[in-house]
Structures are given as structure tokens and as C-alpha cells.
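Line by line, the protein sequences give chains G and A.
Residue numbering for the first sequence follows our numbering, beginning at 1 and increasing consecutively.
Residue numbering for the second sequence follows our numbering, beginning at 1001 and increasing consecutively.
Report on one structure; see the data block that follows.
2 protein chains.
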Amino acid sequence: MARTRDEQGRRILEAASELLSTEGASALSVRRIAAAAGCSTMGLYSRFGGKDGVVDELYAEGFERLVDGMKANLPTDDPVADLRRGAACYRDTALANSTHYMVMFGGAVPDFVPSDASHELAHAAFDGLVAKVARCTAAGLFEGSPDQITELLWGAIHGLVMLEIVGINPLMSDPGARFERALDVLFRGLARG
Amino acid sequence: MARTRDEQGRRILEAASELLSTEGASALSVRRIAAAAGCSTMGLYSRFGGKDGVVDELYAEGFERLVDGMKANLPTDDPVADLRRGAACYRDTALANSTHYMVMFGGAVPDFVPSDASHELAHAAFDGLVAKVARCTAAGLFEGSPDQITELLWGAIHGLVMLEIVGINPLMSDPGARFERALDVLFRGLARG
DNA sequence: GTGATGCTATAACGTCGTTATTTCAAGTGT
DNA sequence: ACACTTGAAATAACGACGTTATAGCATCAC
């Protein structure tokens, strides 16, 4: 789809993404974005229909980064190790883009609801993970349907990442180690046996 | 702690909780809460220091509901089944109080950060779950430390609940069945042997 | 009775998302 | 060349937000 966008539109998105990354979702105001992009507030309305239109692009950008982050490492001949590495990349990318992540999953922008197109992008990100899981089931290493395995795997990973971002850590333990332990348990539970 | 609270203070909290439950976090404005409680906006400032003080009470209320929801069913002689039932109660309570849940974990109120006291309450809720897990490890049914098991279990459960609340469901599958499948995998991965 | 104290409501300030109005340059017809 | 329309831009305004300052008004000490 990749809608064509004029120079000003690109500046707006860049300014919005920068604001979100550096100051968080509450810095995403129409006036501040417009000022940073060097135009008036109306520039956002004529091009994106309003604040939510811009946020929707950031939502999509977040999923793109997530997908790219997981595509980074190439498949080897060990599908389970690949999947595990993909999960680690998911966490790394989410933490490196935590403010985007909170817009995507945490409701950080009040009353924002993603467009259908963006929702589909979220599902496409899911499909990328399914492919990694399918290699494990195809090799007879995991039990169950790739779709169903992926959705529970994703949910579990998402929850751990989310707690890490919002800073809920009852044991004051190392989040990285906790994440690895969780993957151990999940993979053990999924293993054919 | 349970700070003593005058009649007006109780009315404010009740009105705020009602607003959050029925209309969501974005309906939580100082003016609306004050109007619903029958006082002026200053009533919130003199008693709670501002909006965040009230939200902090709702945050705590959410954790109390979560703890109460899990305490509902009494322990039997099957600790794993008890734990599983506790997890299901966690999900039920979270879904029944989804707007509270989004305040607690989702950053639904911009720039709100829970007080130290409320943070400790969150950890206390965690401890309740630890006790259920400890019964499983004590009986030799689970492998590992109860603390560490609980934090990964909680993270996984939290993620699934969160995705359910925000409506991300790539497979359009039944969330209840998905949740049960996830528990199957987790418990299998945790089982001794 | 009078001044001080503390709680209350009202009003004000700056910011928010959004909409209405105005401005202004480019294009069109004659 | 000039009046006129058109479309996109900036500016101004509206109502609501969190918060702070101000003013009203009880209650108490003396």
C-alpha cells in the first residue's frame, strides 16, 4: 500500500516518531508535532485527518520495526534455536522501542483505535512468527498447530516484555534471565514427547 | 494501611471507580469525578493531591479485586488444579475489570506512575500467586523455584489477557480455549521429570 | 467580639484536540 | 490585463483538560 506522501507529510511523521521515542506518548500533541515539523496544526488534519491518523502511522511503524527486528537473523538448520533467537529479537526490539510498543499494545494514546489496515499489519507480524514455529512443527520438534502455538507463545512473550517495560518486577530479578527461563519452560512444554 | 477517609473522600473514590468501569480511563477527568461526587475540583486536591492521587487508589483497587478474585476458590488436595483455577480466576477478574486492568498495566492514564505503596500492593498480589505455586513445588510436581516459576507464569498469563483486552486476535480463535491451551503448555513445561 | 486558621468554591492560566474563519496565491474566463 | 473562483495554508476560536491562585466563609482561640 505505502501511500505516497509529500515532503511535509514525511516531515510530520518523522517529527512525531522522534517525539514519541524521546519523550513518550504524552508528548504527542498536535501542536508539538506541527511545530517540530515546521507547519501549522492544520497540516496534520489535511494529510492525516487528525491526531489519530498520525498515531496510526506510528502504530504501523512499530510493527514494521518489530517485523524487521525479527527478520534480522537468518535461519539455520536448527529451527528451535532460530525461534528462540527470534523471540529474543522480539524482546530486544520491543525494549528498544518501548514507547512505540506502549502505543501498539498499552493504550498509551487515549481513545486511539488502530485502523483496519494497521490491525492487519499486526496480524502480518504474527504471521512472521508463525513461519518460524511451522519449521519446528514440520521437523517434528513441536506438538500442535503452528497457529495455536504461535498465539500462545506470542502472548507469553508479550506479557513478559510488557511487565518489563512498565517496571513491574516483584523479585527484582534480571529480566533477561527471566525471559530465558520462560522460553525454557515454554519450549519444554511444546516439545514433542 | 487503609487510610481513614471522610464521607466526601469515599464519594470521590466511588464516583471515580464508577466512571472508570463504565466509560474507561479517558472519562477520568478531575471535573467529571468532582461533579459525580458532588463537590468542586478542589475536593480532589485537598484529599488526594490531584488526579494521580485518585488514580493511585483505583490502581490499588484493581489489585485488590485481582487478589480477591483469586482467593475466591478454596484449596483442594490437587495443587496443580488449584493453580490452574487460580489462573482462570485471574483472567476472569481481569476481563471483568478490564478498564482497571489497563490503568494498572497499560498506561491508560497518561504520565501516571503508581506510588511506592501501590507498587508494593502489586507485589503482594504476586505473593498470593507464589503461595499457590509453592504448593505445587512442595508436592514435587513442579521443578524450580516458586518465585521464578510464578514470575514467568504471571508474565505469560498477563500477556494473553492483555492481548485479549486490546482485541488483538490473529486467528479469531476463542480466547478462553487459547488460554487453556497456554496453561497446558506451561504446566507441561513446568512439570517435574 | 475579633483576628487567625483551614476548608470550600470560583475563577483563571496554559495546553489539549478539533473546528471555523480568514488569508492568500494559483488558476480561469473574457 | 483584470475580475473572479478555487483550494490549501495559517490564524483564531471553542470547549475540555489538569492545575494553581484567589476569594468566601465557616470554626476556633482568646
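Even glycine gets a Cβ: it sits at the ideal position worked out from N, Cα and C.
{"Asked": "Chain G contact for A:L1070 (CB, 8 Å cutoff)", "Found": "For the record, residue 1070 of chain A in the displayed sequence is Met; it is not Leu. No, no contact with chain G."}
{"Asked": "Bounding residues of the alpha helix (DSSP H) (the contiguous stretch that carries G:D184)", "Found": "175-190"}
{"Asked": "Chain A within 8 Å of G:G62, Cβ atoms only", "Found": "no"}
{"Asked": "Three-state secondary structure (DSSP) of G:F48", "Found": "helix"}
{"Asked": "Close-in-space but distant-in-sequence residues of the same chain around G:G155 (CB under 7 Å, 5 per side omitted)", "Found": "none"}
{"Asked": "Same chain only: Cβ atoms within 6 Å of G:A81, ignoring 5 sequence neighbours per side", "Found": "none"}
{"Asked": "Segment contact, 8 Å Cβ cut-off, at least three pairs: the stretch 1058-1066 of chain A with the stretch 1131-1148 of chain A", "Found": "no"}
{"Asked": "Cutoff 8 Å: G:P75 Cβ touching any chain A Cβ", "Found": "no"}
{"Asked": "Chain G contact residues for A:V1067, given Cβ-Cβ distances below 9 Å", "Found": "Those within 9 Å of A:V1067 in chain G number zero; the least Cβ separation is about 13 Å."}
{"Asked": "Rounded C-alpha distance that separates G:A34 from A:L1044", "Found": "34 Å"}
{"Asked": "Simplified DSSP state of G:F209, which is helix, strand or coil", "Found": "This structure gives no information on residue 209 of chain G, because the portion of chain G shown stretches from 1 to 193."}
{"Asked": "Three CB pairs or more closer than 8 Å across the stretch 1176-1188 of chain A and the stretch 1120-1129 of chain A", "Found": "no"}
{"Asked": "6 Å CB neighbourhood of G:R135 in its chain, flanking five on each side removed", "Found": "P79"}
{"Asked": "G:S164 burial status per 10 Å Cβ neighbour count (16 or more: buried)", "Found": "The residue you asked about is not Ser; residue 164 of chain G is Glu in the sequence shown. When all chains shown are included, G:E164 counts as buried."}
{"Asked": "Below-8 Å beta-carbon distance, G:A2 vs any chain A residue", "Found": "The pLDDT assigned to G:A2 is 45, lower than 50, so where the model puts this residue is not dependable; a value taken from the coordinates is nonetheless given after this. With 8 Å as the cut-off, G:A2 does not count as an interface residue toward chain A."}
{"Asked": "Exposed unless 16 or more other CB atoms sit within 10 angstroms - verdict on A:D1077", "Found": "exposed"}
{"Asked": "A:L1020 and A:L1058 closer than 8 Å at C-beta", "Found": "yes"}
{"Asked": "Where G:L121 meets chain A, residues with beta-carbon distance less than 9 Å", "Found": "Simply none; closest approach about 11 Å."}
{"Asked": "Test item: CB-CB of G:D56 and G:S115 under 8 Å", "Found": "yes"}
{"Asked": "Minimum length 4: unbroken alpha helix (DSSP H) runs contained in the stretch 1085-1144 of chain A", "Found": "1098-1105, 1116-1138"}
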